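Take any residue in the sequence shown, count from 1 to its spot, add 494: that is its number in the numbering used here.
Okay, structure first, notes after.
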Amino acid sequence: MTEIAVELTFPDDMELLEIKTSEGTLSFQGKHLGTVDNERDGRPRWAELELYKYVSTDPGEVIESRVLGNVKTYGRQMYLLHTMGHSVLYHKKNGCNKGVLVPVEDFPKRAEFPEYLEPCPECRPPDWSKMENGTVMELEVIRHLIYKCATAVDLLAELRRPGKKSCPGCGGVRGGQCARCRGKGWVPGPPTLSAPGARLVEMVKFKDDDIRKAASTTRKL
Ligand SMILES: [Zn+2]
Ligand SMILES: [Zn+2]
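Here's what the structure looks like:
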């Protein structure tokens, strides 16, 4: 059986957009809803989140939705969440295994923010700028993740992180002998929006009815 692809039409407020990722460029008909950059603020790692609405043009794509089950996405308006993990850390070779091996002379062009590079406080590499050419160290590079979400509920789920709640065994006392939390003071709790995720939702919920509805549902406790 041959399926004839239906000619897709796109909403007037969408245009051809492109985003660059580590695995090449993504091109799609969509619109930008918002970007949150929780900014470095002294931390060596931080996140940036970009949200788009787009129309899927992939005739064979099926994705799993928490509310709709398996969804054929062709022609459907979807959410595209692009997260970027930024870092200014570098490590010793065979240090923490969190970066890519780069000779120090290439650090200025491979690092996202070469002027702010910081040695990892755990493996404590020597100052990269004082090392001889050819010395290889592990450089953390930008990490892109792409999430395609069929509904606003799925989008909000992607923005949540495993939660923590005060340990009922020790009442949240850190460093004790509590076997339940092993001295951490907390145990896993219900997932909650990450801080940048919450800011993104606040930013976009007045631009997108479905996100507003998904973010304002009543949950029974
Ligand atoms: Zn390290
Ligand atoms: Zn405890």
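All C-beta atoms, glycine included, are put in the ideal place defined by N, C-alpha and C.
These numbers come from a predicted model, not from an experiment.
Assigned exposure category for residue i - 16 Cβ within 10 Å defines buried
i      : result
Gly683 : exposed
Ala673 : exposed
Leu583 : buried
Thr519 : exposed
Thr711 : exposed
Lys707 : exposed
Ser461 : What is shown of the chain runs 495 to 715, which leaves residue 461 out entirely.
Lys547 : buried
Residues near residue i in its chain [Cβ-Cβ closer than 8 Å; skip 5 each side]
i      : result
Val549 : Leu502, Phe504, Pro505, Met508, Phe522, Gln523, Gly524, Gly569, Arg570, Gln571 and Met572
Ala689 : Asn532
Met625 : Val598 and Met631
Proximity of residue i and residue j at Cβ, strictly below 8 Å
i      : j      : result
Met578 : Ala541 : yes
Leu653 : Leu687 : yes
Ile705 : Ala646 : yes
Leu527 : Asp703 : no
Ile636 : His576 : no
Val630 : Val594 : no
Gly679 : Val667 : yes
Leu639 : Leu545 : no
Gly691 : Leu574 : no
Gly669 : Gly663 : no
Short CB-CB distance (under 8 Å) between residue i and chain B
i      : result
Tyr573 : Among the chains of the structure shown, chain B does not appear; only one protein chain is present.
Residues of its chain near residue i, where Cβ-Cβ distance is below 7 Å and the 5 sequence neighbours each way are ignored
i      : result
Gly665 : none
Gly563 : none
Exercise for the section: Write down every uninterrupted run of the alpha helix (DSSP H) in the segment 623-680 whose length is 4 residues or greater and which is fully enclosed by it, in chain order. Expected result: Listed in chain order, they are 646-652.
Exercise for the section: Could you tell me whether the segment 585-594 touches the segment 612-620, using the rule of 3 or more Cβ pairs below 8 Å? Expected result: The segment 585-594, when compared against the segment 612-620, does touch it at the 8 Å Cβ threshold.
Handout entry: Minimum length 3: unbroken beta strand (DSSP E) runs contained in the segment 499-556
Key = Counting only runs of 3 or more, we get 509-515, 518-531 and 539-549.
Exercise for the section: Spell out a yes or no on whether the segment 616-632 and the segment 643-651 are touching, meaning 3 or more CB-CB pairs, one atom from each, closer than 8 Å. Expected result: Because the criterion of three Cβ pairs below 8 Å is not met, the segment 616-632 and the segment 643-651 do not touch.
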